[in-house]
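Report on the structure given below.
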Amino acid sequence: MAFNALFFNELFDIFSKQDGYQLAQTLSPDIPTEELRRICRSHNAHSIKGALKRGLSAPAVGLDHQELQGWVEVYAAYWSATGVILAARDSNSDSSRSSDLLWTKVYEAWTELLNVLLRGYQSWGFEAWTIPCLYVVCNHLRIFAMQADKERNNNSSFDDAAAALQDDFDPETNKRQKLEDCARVLSRVFMVCQTDRAPLEESRKWGSYYIANLLLKTYFKLNSASLSKNILNSLRAGGRDMPEFSAFPKSQRVTFKYHEGVLAFLEENYVLAEQCLTDALNLCHKDAKRNKELILTYLIPCHLIKSHTLPTEELLERFPRLQKLFLPLCQCIKRGELHKFDLALQEGEDEFVKRRIYLTLERGRDIALRNLLRKVFLARGFEEAKEGEKPARRTRVPVSEFAAAISLGSQEKIDNDEVECLLANMIYKGHMKGYISRQHGIVVLSKSGAFPGTNV
Amino acid sequence: MMPTWPTPPAPGTQPSTSYTASYSAPAFTPVQVRQSFGQSYSTPQPPYSVAHTYGPSHPPAPSAANIATNVNPAPPAAQEQAKTKIDWPDSVRRYVQRAFIPANLDSSVTRADMEAKLKETITQANEKNIMYSLDWDTMPLPQQMIREERARASLPLHSKSQAQGPTQAPGTKKRKSWDLTDAAAVHSASATPPWRAGAGAGRLEDRVTFSPDRRQGDELPKHTSKFNRADKRQKRHEGEYTTYREDTPPPGDGPVVGTCQDLEKRYLRLTAAPKPSQVRPPHILRQTLELLKKRWKKDQNYSYICDQFKSMRQDLTVQRIRDDFTVEVYEIHARIALEKGDLGEYNQCQSQLKGLYRLGLKGKTNEFKAYRILYYIHTANRTELNNALADLTAAEKKDKAIKHALDVRSALALGNYHRFFQLYNETPNMGAYLMDMFVGRERLAALCNICKGYKMDVPLRFVTEELYFESDVEAAQFILDHEGQDLLEDRSGTILFLTGKAGSRFEGARAKAFSRVDIKGQI
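Quick mapping for you: the protein sequence lines, in order, are chains A and B. 317 is the number that this note's numbering gives to position 317 of the first sequence; each next residue is one higher, with no gaps. Throughout, this note's numbering is defined as the position within the second sequence, counted from one, plus 1000.
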């Protein structure tokens, strides 16, 4: 494809069908290098705008003067970007010329394209059906930003000692400056979509969730999940004026619910997290294994905290990565192996911390402990049954027996005061019903349901 | 009002040699939460005279005498001087009026700047007691003073760098005159300083292209700086700048090289480019640090120390000094601020230190990482806590202080108050000051646990021990303070804490204590 008669015919076709996604494809940089080169070589800087104007002003395309002007600018900006993209791609294949920050140039050219496109919506009256163009351009902006950051960080000669001399310096910030810039640009795009006052049928509001998803993704990457709150708030505040959530494409809904769920998870709002992640999982395409894996990474700890349920082995079997992550812990919890649980948690610590589930999984120790204590209780057996009555369990358990059980795994002596502390905790959190009598060194457990939710 | 202290010795009179001898005693001493409790345990208990009610005025029990140290930080010494009411003489009033006559106004000087200058001038006059003797009618107006200062600020700096830099490229003369015209241009076009440059990047770039460390005489950046400066000048003449930002001094030309020989200097927020004559070079600052360490040990005057450290930090910043010494200054200031519970300053120091350590500078990295973790526990900042965990290397996790902080975190996460209070007693370095900030709420949480878990009662001594109170009296007082008057009972010489009766008595206080922690300069 080049900017020739064939191309303009295709455009005419797209415009008459109002097919936004197909239009967006004409602005994608993600095409074979040869094709990109054809576009780039089809014109030069002098001829490009004239050619576009002639091509687009065919009455059949049906653009008014302003729109025409806008699309000429957009395709001209796209054309200039192709030049730098080609240069970057070429230098990647031969690494000797990597002295320039080529991807930074690509990022800048692409930002320019996005700016022109945005102006199209703000002042040249681009119609809402063309919104997918924003999707494609924004998505690649993010990709180029990451590439630019990566290139700069790999290139030690651009390691600015410069930035280190600012007053409030943070070497980390410098490492991802383009991505941070990208986040700012995207949030502007988000506002342009979000604040459109046109009637719903032709509103840019339909773009809100796609852009919000990109933005959330970027914030997560930048480790500033806290900024995401603003996006969620803005979407919630616009609730009444927004189209029904269910009217958005499924793919956007899954992604959004996932992000919303993870954010709630990070704020320890497990109720909301569980709900959002469950929604996401149910909406998720059956073959989107990686996405399901991501959702489950947070949903499983949620269930552990909320309803003390563990994933079944069948479920884990379908996701080897999750199995590796969770199975050891789950087994320890189920069997009440406290010490092994500690070891498993330690073993997976780096991975858990990276995924930000460590602090939540750690609380699974309570469940492991409960299961262990329950075993002690069961092992005590029954009181001697009275005539004609059902035998009752022995509900008075010496603290020392619990202590013995706790130190069984680690073989480390634990003093009774600490055991009592752990027991008091179990009682306080409702994992165990009963009370400690310090005077007698025993625990008196409830006759009915000493361990709620476990049938004893 | 600023607190007062002995005026610094005049330059020259201070025998600077007396401080060059290295004085390496640390300015702080590690604290222990409680030194001994066990001894009082074996001695027979004094009979408590109270049966059912512990009056708030209960006399301290003899066992309290065993308490060695009390670490609760005293509230920052408020040495605020009483504001004296001043009767302004007419001459001063006239002077102020004259300054604001429209004809005298200068568009390059903002009103805020003028007011600041006025205030400064008058306050100085008042402090020197020359308010009445001064001839206010011939006094230069604040806008004039500011203009002169601006012009002055750029001059000495250049002559200085000229004298210093053997690498100075030709064209220095031109540069000088350029800057003079700059000043004029600023006035005529009501222009603003260059850091407002539209592109935003302008300011940082011209700052950073200068040699980061003059002592090294790095040649390359100086050359590049020429270009940038030319750009900058160009831009200025295009009259791009239309707003004036207050409080920030116009950017100097690269780092200042100080010449001040005074050891002490009061902190003053810069409103103009720093004057080399008022900035202390590194070798002086080193002496200052030793002096301040001594002073702190001797006088413990926090407002003085804090002010001095701030001015030291300022001198380091304006000279762009970032080395191991900088780290030391921030570390010591952080420790002192911590000791005095000044979280604002502490946080400033910590965030600078974080960056400095990242640059690879040496310091007590582990000690301060441990503080950071404890601080995040205090502010219940889960996200940052996770980040902090992610940043730790395996070796760091084994470090004593960091391991302690991690253990504290895990004990709290699992509700193991028994372990938590043991750790509280074993806190290395100055972490106890941080832990003091949340030990109260953890005691409440533990008390809630105990009330729910134990029936019918437990000895008060048990509470004292489990929650590491200094004494039974303190434990009792804590219970009383949270409306547990009727929960203490004397039964044949033993004080009992009636957990069975407590119900959810302490839940409210607990919830309140755990609700949002809001701290100045929170990180």
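Heads up, the beta-carbon is just placed ideally off N, CA and C, and yes, glycines get one too.
- Within the segment 1429-1456 of chain B, those residues whose Cβ lies closer than 7 Å to any Cβ of chain A are, in chain order, Cys1448, Asn1449, Ile1450, Lys1452, Gly1453, Tyr1454 and Lys1455.
- Residue pairing of Ile1495 (chain B) in beta bridges, as defined by DSSP: B:Asp1490.
- Checking the DSSP bridge columns, you'll see Val444 (chain A) partnered with A:Arg396 and A:Tyr435.
- At least 8 Å separates the beta-carbon of Ala1475 (chain B) from that of Leu1496 (chain B).
- By the C-beta density criterion, Asn455 (chain A) is exposed, having fewer than 16 other C-beta atoms within 10 angstroms.
- Gln1350 (chain B): member of the alpha helix (DSSP H) spanning Leu1343 to Arg1358, first to last residue.
- Shown here, Pro452 (chain A) sits in coil according to DSSP, grouped into three states, outside any helix or strand.
- Asp417 (chain A) reaches chain B at His1418, Phe1462, Glu1465 and Glu1466, counting residues in chain order whose Cβ is nearer than 9 Å.
- In this structure the segment 1297-1306 of chain B does not lie against the segment 1275-1282 of chain B, because fewer than three pairs of beta carbons, one per stretch, are closer than 8 Å.
- Ile333 (chain A) has a beta carbon lying at 8 Å or more from every beta carbon in chain B.
- Judged by beta-carbon spacing, Leu1444 (chain B) lies beyond the 8 Å limit of Ala1394 (chain B), meaning their Cβ atoms are not closer than that value.
- In summary, Leu373 (chain A) is buried, with 16 or more beta-carbon neighbours lying within 10 Å of its beta-carbon over all protein chains present.
- Here DSSP, grouped into helix, strand and coil, assigns Pro199 (chain A) to coil.
- Rounded to the nearest whole angstrom, the C-alpha separation of Phe1506 (chain B) and Gly381 (chain A) is 36 Å.
- Under the three-pair Cβ rule at 8 Å, the segment 208-223 of chain A does not count as touching the segment 264-279 of chain A.
- Taken through DSSP and simplified to helix, strand or coil, Val1458 (chain B) comes out as strand.
- Between Ile367 (chain A) and His303 (chain A), the C-beta spacing is not below 8 Å.
- Nearest C-alpha to Arg204 (chain A) among A:Lys217, A:Phe190 and A:Leu215: A:Phe190.
- Distance check between Leu117 (chain A) and each of A:Ile295, A:Leu345 and A:Ala24 places A:Ala24 closest, using alpha-carbon atoms only.
- Interface with chain A (8 Å Cβ-Cβ cutoff): Ala1390 (chain B) is included.
- By the Cβ-count criterion, Ala198 (chain A) is exposed, with fewer than 16 other Cβ atoms from all chains shown falling within 10 Å of its own Cβ.
- Rounded to whole angstroms, Ala45 (chain A) and Ser251 (chain A) show a C-alpha spacing of 39 Å.
- For Ile1377 (chain B), the number of other beta carbons within 10 angstroms of its own is at least 16, and it is reported as buried.
- Met1437 (chain B): member of the alpha helix (DSSP H) spanning Gly1431 to Gly1453, first to last residue.
- Beta-bridge partners assigned by DSSP to Phe382 (chain A): A:Arg393.
- Ala81 (chain A) is positioned such that its CB atom lies no closer than 8 Å to that of Pro32 (chain A).
- Against chain B, the CB of Glu268 (chain A) has a partner CB under 8 Å away; the residue lies at that interface.
- Taken atom to atom, the span from the alpha-carbon of Asp1090 (chain B) to that of Ala1112 (chain B) is near 23 Å.
- With distances taken between CA atoms, Ala1401 (chain B) lies nearest to B:Tyr1424 out of B:Asn1387, B:Glu1120 and B:Tyr1424.
- With contact defined as three or more Cβ pairs closer than 8 Å, the segment 140-157 of chain A and the segment 66-76 of chain A are not in contact.
- Taking C-beta atoms as the reference points, Cys138 (chain A) and Leu114 (chain A) count as a pair closer than 8 Å.
- Excluding its 5 nearest sequence neighbours in each direction, Ile39 (chain A) has C-beta neighbours in its own chain below 6 Å: Ala2 and Thr82, listed in chain order.
- In this structure, Leu1291 (chain B) keeps its C-beta atom at 8 Å or more from the C-beta atom of Val1327 (chain B).
- For Asp13 (chain A), the uninterrupted alpha helix (DSSP H) segment begins and ends at Ala5 to Lys17.
- One Cα belongs to Arg1093 (chain B), the other to Ala1272 (chain B), and the distance between them is close to 26 Å.
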